[in-house]
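Participant: Mind looking over this structure? Questions follow.
Number of protein chains: 4
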Amino acid sequence: MKDVQNEKDSRNIYLHQVGIRDLKYPVVIRNGEGETYPVTAQVGLFADLEGDQKGTHMSRFVEVLTQHNQMDLKTIRSLLESIRERLEARNSFCRFLFDYYIWKKSPVTGRESYLAVEVEYHGALRDDELDFRMTVRTPVTTLCPCSKEISEYSAHNQRAIVSITLRTDRYIWIEDVCNIAETAASCPVYSLLKRPDEKFVTEFAYDHPKFVEDVARDAKLLIDEREEMEGVQDYVVEVESMESIHNHSAYAKVEGVRV
Amino acid sequence: MKDVQNEKDSRNIYLHQVGIRDLKYPVVIRNGEGETYPVTAQVGLFADLEGDQKGTHMSRFVEVLTQHNQMDLKTIRSLLESIRERLEARNSFCRFLFDYYIWKKSPVTGRESYLAVEVEYHGALRDDELDFRMTVRTPVTTLCPCSKEISEYSAHNQRAIVSITLRTDRYIWIEDVCNIAETAASCPVYSLLKRPDEKFVTEFAYDHPKFVEDVARDAKLLIDEREEMEGVQDYVVEVESMESIHNHSAYAKVEGVRV
Amino acid sequence: MKDVQNEKDSRNIYLHQVGIRDLKYPVVIRNGEGETYPVTAQVGLFADLEGDQKGTHMSRFVEVLTQHNQMDLKTIRSLLESIRERLEARNSFCRFLFDYYIWKKSPVTGRESYLAVEVEYHGALRDDELDFRMTVRTPVTTLCPCSKEISEYSAHNQRAIVSITLRTDRYIWIEDVCNIAETAASCPVYSLLKRPDEKFVTEFAYDHPKFVEDVARDAKLLIDEREEMEGVQDYVVEVESMESIHNHSAYAKVEGVRV
Amino acid sequence: MKDVQNEKDSRNIYLHQVGIRDLKYPVVIRNGEGETYPVTAQVGLFADLEGDQKGTHMSRFVEVLTQHNQMDLKTIRSLLESIRERLEARNSFCRFLFDYYIWKKSPVTGRESYLAVEVEYHGALRDDELDFRMTVRTPVTTLCPCSKEISEYSAHNQRAIVSITLRTDRYIWIEDVCNIAETAASCPVYSLLKRPDEKFVTEFAYDHPKFVEDVARDAKLLIDEREEMEGVQDYVVEVESMESIHNHSAYAKVEGVRV
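Chains A, B, C and D are the protein sequences, given in the same order. 1 is the number of the first residue of the first sequence in our numbering; add one for each residue after it. 1001 is the number of the first residue of the second sequence in our numbering; add one for each residue after it. 2001 is the number of the first residue of the third sequence in our numbering; add one for each residue after it. 3001 is the number of the first residue of the fourth sequence in our numbering; add one for each residue after it.
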């Protein structure tokens, strides 16, 4: 059976990425202590393609994925190496987007429930160099310092998303990234709050008013300072508040290098 | 050229709806005074299909749409009649989803800006009877009465969407439906607020705490009472608050008949 | 601490549904043989609310969910009973939306991979009567009979989604619903196909041209005939083809009662 | 009234972008001949923020937008200059995402209809240097060369999106970018096709089989060669085929510099 993809291509145009996207697949995430969590991931797998080859072999990406279903830093390298090898490519890339669950206690009554955070892994293997980035998107509360200051009473507040992207060559706990986002915000959010908890988070947010600018800056400081962030090379913090007084979002972004 | 769709179908299964969906198309909305607004609509057009006919003629839906691009109650009837005729159907259906803009003044400084609301038209022509429903989704602020009551100070508040669906045979102004949603909520939202406006909406929301249950009930009362709602037959009010202390929404729904 | 929700409400307006939506939560699905699958679900939980009560107690929905995390027909009844009891309601409702994975073999080479299908559970408990519906959305291929007939060669084909909603009081296998969708279509889709498989599905689809109308009708026939569908009361089949020659979808819907 | 945003910030952290996002607003697009089209845009407006200033003034972004509602290269510069001035910033940024309609004739019968394409404008003003990029996402058909080659008859085909991003300092017609995408693909798509048109596009696609890799390469060649693309500096072409035999997409990306 003819292998059209393997034919010579006369246009001689190098393609930076070729592969598959938007594949929903069951994947197992492994944490820093080797524990595993089954998740449903939206997967992208890519390789580059030399200018003289007509096409890549799309089915091999899925074959490699099916053989590497446990995700951590080590297995992502091995997944990317397999892609490079099977596709005869120089560079390979992967992207996994999934919901991860944090088991949280409410602040006063200690009731436990899960909070979903969105996590994205980006891996790139270029000339044997692994470039790994992890994005964690944590929902939080922000309460507006301006609204608090100028009003006789109360202040507008809202749900916000803190998106922290870390480039790293060491394992970083998702829980630790969430904690930075929650510490930098006016207050964490929870799936389950009883009335004494609700009183607490209402007052706590009012006592910690934060613009998106403040959340971005405080998250940056925490990434720079906290021991758990050792191994982070550079990073981006984005904060988006779904303003309760508008139908649009307030946004702040800061980039940084950890030294 | 053979007309496969026109062939006899031996399965003899009547199809309730056949047609096209997810067509993005430019459409002109006409208001109660005959003024027109160009919008981008997501369009669905459907007809029923007798059991002995193999298929409908999908291209005719687009032809009919291209000939009926001005939308109000009268033209929707004429659009549905054309579909029924061109498709040789008993019943015809349409759905238009679009963003509509309300020109609003901020409450204190009077600064003007547009607020987008989502509008959906549902039309059905069955045996010459037009069934028309209009949904208007208005963003508002809700402020939690429980949080206000139990906390020493402040209260959690957030953006919410009030979705009002009206079955009617008379023209109802989109602006009047929005106004009901905004009146029933803790406070309206605006695209543009200066500091004196922000002070006003912060305090106004605190002075009008509302659960999603309260917003649904007050919207129901306003639909029943207000003169501008004459011609409304039955209706559904749904309220969804994107809770600022959770990562999920609070929701309330009430159905009603206007007498 | 004051219980604002428990206060008397003078408006005396009954609310059909009050509760929480868009909660992402880990849930365990149990199949017909008692095997369990962890999934990530988008959850909605609701109860009705009497006219004289100001508000529901939102946190109790999450408490009940945390105690009922294994989903099948029996546990959904018990979840709905708990909601009704904890919220002192007459009726209770739930909705779970999740991706489920089918382990499939490619048709010629027998390579195995997962295919994601979207599943939705709708439960309602009204006056002790459980109303349970299950929707399964299966991706398939459709190949246009008209295009095949009128063209010298080839035929346009595309990915389509067959959405089958079954009302039932017996356990129905997700796999059996998918199989009906795939049998009714021009060809199933797979995550992993090698070249002999690709040749097979290309030719198979061409040998089984189907309009969305045909897929809807054939799925209806299979639901009526197949033994595995015993216990189905009524149902809706919807088919949406993401047409490869248009930027919109073709759509067909049929409703039925199984006798 | 106190201006909290204007306070000194002791953390001394420069923020790369601060502003508003996800604002839906009516905007007027101006084409190369000065004709105007009203569209509904999803808008983002941003400025940078010095390390010693506590916050930006979010409402000014909306004020500036309301004063600059006609979008072309010149007015985007003037919008960005106004943002920089009003926000006392060094750099300013904007993003507009909207649907644009191309009036197309079907290939044989000449029937006319609109085709929606998604357009994104990205503007950045850094130290008086305007950096403008335009992305046009055109739906097309791709037909798989491998499937055609290995099968006795037919070939799988599907809708694909060709996304072309051009950095430029001259006006480029959206229509010209679409035309490149359509020329590079197996066949254009249309909203309205009669049977002779359908025969034509079915056979045309079969006569022009293209992998996503081929579409990317041919689009690149056309950007490099076509006169209408003069003024383009560098560019990215991305192609995503919503495979009809899978539930995921095939993807190719190429970057280039026009000389």
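Using N, Cα and C, we set each Cβ at its ideal position, and we do this for glycine too.
Measuring only the C-alpha atoms, how far is L1073 (chain B) from I20 (chain A)?
Facilitator: Numbered from 1 along the second sequence, position 73 holds the residue referred to as residue 1073 (chain B). Numbered from 1 along the first sequence, position 20 holds the residue referred to as residue 20 (chain A). Approximately 46 angstroms between the Cα atoms of the pair.
Participant: Using a Cβ-Cβ cutoff of less than 7 angstroms, which residues in the same chain neighbour S3249 (chain D) once the five nearest sequence positions on both sides are dropped?
Facilitator: For the purposes of this step, residue 3249 (chain D) is taken as residue 249 along the fourth sequence, with counting starting at 1. Hits under 7 angstroms: E3240, S3241, M3242 and E3243.
Participant: Identify the residues that DSSP records as bridge partners of G3019 (chain D): which are they?
Facilitator: Residue mapping note: residue 3019 (chain D) aligns to position 19 of the fourth sequence, counting from 1. Paired residue(s): A:Y251 and D:F3046.
Participant: Could you spell out where the alpha helix (DSSP H) holding F1200 (chain B) opens and where it closes?
Facilitator: On the second sequence, residue 1200 (chain B) is found 200 positions in, with the first residue counted as 1. Per DSSP, F1200 (chain B) belongs to the alpha helix (DSSP H) from R1195 to D1207.
Participant: Going by DSSP in three states, F2132 (chain C) sits in which element: helix, strand or coil?
Facilitator: Taking the third sequence and counting its residues from 1, the one referred to as residue 2132 (chain C) is at position 132. Correct three-state label for F2132 (chain C): strand.
Participant: Alpha carbon to alpha carbon, how far is F1061 (chain B) from T3141 (chain D)?
Facilitator: Position 61 of the second sequence, counted from the first residue, corresponds to residue 1061 (chain B). Position 141 of the fourth sequence, counted from the first residue, corresponds to residue 3141 (chain D). Near 21 angstroms, if we compare the C-alpha coordinates of T3141 (chain D) and F1061 (chain B).
Participant: Closest by CA to Y235 (chain A), which one among A:V259, A:V212 and A:Y37?
Facilitator: Within the first sequence, numbered from 1, the residue matching residue 235 (chain A) stands at position 235. Closest option to Y235 (chain A), Cα to Cα, is A:V259.
Participant: For E1255 (chain B) and V1237 (chain B), I'd like the C-alpha separation in whole angstroms.
Facilitator: Indexing the second sequence from 1 puts residue 1255 (chain B) at position 255. Indexing the second sequence from 1 puts residue 1237 (chain B) at position 237. Each residue's alpha carbon lies about 6 angstroms from the other.
Participant: Are V1136 (chain B) and H246 (chain A) closer than 8 angstroms when you measure CB to CB?
Facilitator: As a position in the second sequence, residue 1136 (chain B) is number 136, starting the count at 1. As a position in the first sequence, residue 246 (chain A) is number 246, starting the count at 1. Not in contact: V1136 (chain B) and H246 (chain A) (Cβ atoms no closer than 8 angstroms).
Participant: Let me make sure I understand the geometry here. Which of B:E1152, B:V1004, B:Q1042 and B:I1164 has the alpha-carbon closest to that of T1056 (chain B)?
Facilitator: On the second sequence, position 56 is the one that residue 1056 (chain B) refers to. T1056 (chain B) has its Cα closest to that of B:V1004, out of B:E1152, B:V1004, B:Q1042 and B:I1164.
Participant: Less than 8 angstroms between the beta carbons of L263 (chain A) and V43 (chain A), yes or no?
Facilitator: Given that chain A is displayed from residue 1 to residue 259, the structure contains no residue 263 (chain A) and the question cannot be resolved.
Participant: Distance, Cα to Cα, E2203 (chain C) vs A2181 (chain C)?
Facilitator: On the third sequence, residue 2203 (chain C) is found 203 positions in, with the first residue counted as 1. On the third sequence, residue 2181 (chain C) is found 181 positions in, with the first residue counted as 1. Rounded to the nearest angstrom, the two C-alpha atoms are 19 angstroms apart.
Participant: Closest by CA to Y206 (chain A), which one among B:P1026, B:A1155 and B:D1048?
Facilitator: Here residue 206 (chain A) refers to the residue found at position 206 of the first sequence. Among B:P1026, B:A1155 and B:D1048, the Cα nearest to that of Y206 (chain A) belongs to B:A1155.
Participant: What residues from chain D crowd round L49 (chain A), counting only those whose CB sits closer than 7 angstroms?
Facilitator: Within the first sequence, numbered from 1, the residue matching residue 49 (chain A) stands at position 49. Under the 7 angstroms cutoff, chain D gives E3213.
Participant: Under a three-way DSSP split, which group does S2163 (chain C) fall into?
Facilitator: One-based indexing of the third sequence puts residue 2163 (chain C) at position 163. S2163 (chain C): strand per DSSP, three-state reduction.
Participant: In chain order, what residues of the same chain have a beta carbon less than 6 angstroms from the beta carbon of Y2171 (chain C), not counting five sequence neighbours either side?
Facilitator: As a working mapping, residue 2171 (chain C) is identified with position 171 in the third sequence. Hits under 6 angstroms: G2032 and L2073.
Participant: Taking Cβ-Cβ distances below 7 angstroms as the criterion, which residues of the stretch 1142-1166 of chain B are in contact with chain A?
Facilitator: Residues C1146, S1147, I1150, S1151, E1152, Y1153, S1154, A1155, H1156, N1157, Q1158 and R1159.
Participant: Which of the three DSSP states is assigned to R137 (chain A) in this structure?
Facilitator: Taking the first residue of the first sequence as position 1, residue 137 (chain A) is located at position 137. R137 (chain A) falls in the strand class under three-state DSSP.
Participant: With 8 angstroms set as the bound, which would you pick, yes or no: does the beta-carbon of K74 (chain A) sit closer than that to a beta-carbon of chain B?
Facilitator: Here residue 74 (chain A) refers to the residue found at position 74 when the first sequence is read from its first residue. Cβ-Cβ to chain B under 8 angstroms: no for K74 (chain A).
Participant: Indicate whether at least one CB of chain C lies closer than 8 angstroms to the CB of P1018 (chain B).
Facilitator: For the purposes of this step, residue 1018 (chain B) is taken as residue 18 along the second sequence, with counting starting at 1. For the sequence presented, residue 1018 (chain B) should be read as Val rather than Pro. With 8 angstroms as the cut-off, V1018 (chain B) counts as an interface residue toward chain C.
Participant: Could you tell me the alpha carbon to alpha carbon distance between E3120 (chain D) and V3201 (chain D), rounded to whole angstroms?
Facilitator: Here residue 3120 (chain D) refers to the residue found at position 120 when the fourth sequence is read from its first residue. Here residue 3201 (chain D) refers to the residue found at position 201 when the fourth sequence is read from its first residue. Taking the straight line joining both Cα atoms gives about 28 angstroms.
Participant: Count the other C-beta atoms from every protein chain shown that fall within 10 angstroms of the C-beta of V1969 (chain C), then say buried if there are 16 or more, exposed otherwise.
Facilitator: Lying outside 2001 to 2259, the shown extent of chain C, residue 1969 (chain C) is not represented and no answer is given.
Participant: Assess, as a yes-or-no matter, whether the stretch 3145-3153 of chain D is touched by the stretch 1100-1113 of chain B under the definition of 3 or more beta carbon pairs within less than 8 angstroms.
Facilitator: No, because fewer than three Cβ pairs between the stretch 1100-1113 of chain B and the stretch 3145-3153 of chain D fall closer than 8 angstroms, the two stretches do not touch.
Participant: Please compile the residues from chain A whose C-beta is within a distance smaller than 7 angstroms of the C-beta of G3055 (chain D).
Facilitator: For the purposes of this step, residue 3055 (chain D) is taken as residue 55 along the fourth sequence, with counting starting at 1. Ordered by position in chain A, the residues that pass the 7 angstroms Cβ test against G3055 (chain D) are F211 and E213.
Participant: Going by DSSP in three states, L125 (chain A) sits in which element: helix, strand or coil?
Facilitator: Numbered from its first residue, the first sequence carries residue 125 (chain A) at position 125. Residue state, collapsed to three classes: strand.
Participant: In whole angstroms, what is the alpha-carbon distance linking R3195 (chain D) and K3105 (chain D)?
Facilitator: Here residue 3195 (chain D) is taken as the residue at index 195 of the fourth sequence, counted from 1. Here residue 3105 (chain D) is taken as the residue at index 105 of the fourth sequence, counted from 1. Answer to the nearest angstrom: the Cα atoms are 14 angstroms apart.
Participant: Have a look at T2036 (chain C) and R2030 (chain C) and give me their C-alpha separation to the nearest angstrom.
Facilitator: Position 36 of the third sequence, counting from 1, holds the residue named residue 2036 (chain C). Position 30 of the third sequence, counting from 1, holds the residue named residue 2030 (chain C). Rounded to the nearest angstrom, the two C-alpha atoms are 4 angstroms apart.
Participant: Please list, in chain order, the chain C residues whose beta carbon lies closer than 7 angstroms to that of P3139 (chain D).
Facilitator: Within the fourth sequence, the letter at position 139 stands for residue 3139 (chain D). Correct list: N2247.
Participant: Counting only Cβ-Cβ distances shorter than 7 angstroms, please list the residues of the stretch 2022-2033 of chain C near chain A, keeping chain order.
Facilitator: Per Cβ criterion, the list reads L2023, K2024, Y2025 and P2026.
Participant: Is K194 (chain A) close to chain C, meaning its C-beta is less than 8 angstroms from at least one C-beta of that chain?
Facilitator: Your numbering for residue 194 (chain A) matches position 194 in the first sequence. Yes, K194 (chain A) lies at the interface with chain C (some Cβ there is under 8 angstroms from its Cβ).
Participant: In the DSSP output, what is C2144 (chain C) paired with across the bridge?
Facilitator: Numbered from 1 along the third sequence, position 144 holds the residue referred to as residue 2144 (chain C). DSSP, once it has assigned bridges, lists no residue as partnering C2144 (chain C).
Participant: What does the alpha-carbon distance come out to for the pair I13 (chain A) and R1086 (chain B)?
Facilitator: Your numbering for residue 13 (chain A) matches position 13 in the first sequence. Your numbering for residue 1086 (chain B) matches position 86 in the second sequence. Answer to the nearest angstrom: the Cα atoms are 50 angstroms apart.
Participant: Give me the DSSP bridge partner(s) of E118 (chain A).
Facilitator: By one-based count along the first sequence, residue 118 (chain A) stands at place 118. In the DSSP output, where bridge partners are listed per residue, E118 (chain A) has A:D99 and A:R137.
Participant: Assign E3230 (chain D) to one of two classes, buried (16 or more other C-beta atoms within 10 Å of its C-beta) or exposed (fewer than that).
Facilitator: Looking up residue 3230 (chain D) in the fourth sequence gives position 230. Flag for E3230 (chain D) reads exposed.
Participant: Any Cβ of chain D within less than 8 angstroms of the Cβ of T1066 (chain B)?
Facilitator: Working through the second sequence from its first residue, we reach residue 1066 (chain B) at position 66. With 8 angstroms as the cut-off, T1066 (chain B) counts as an interface residue toward chain D.
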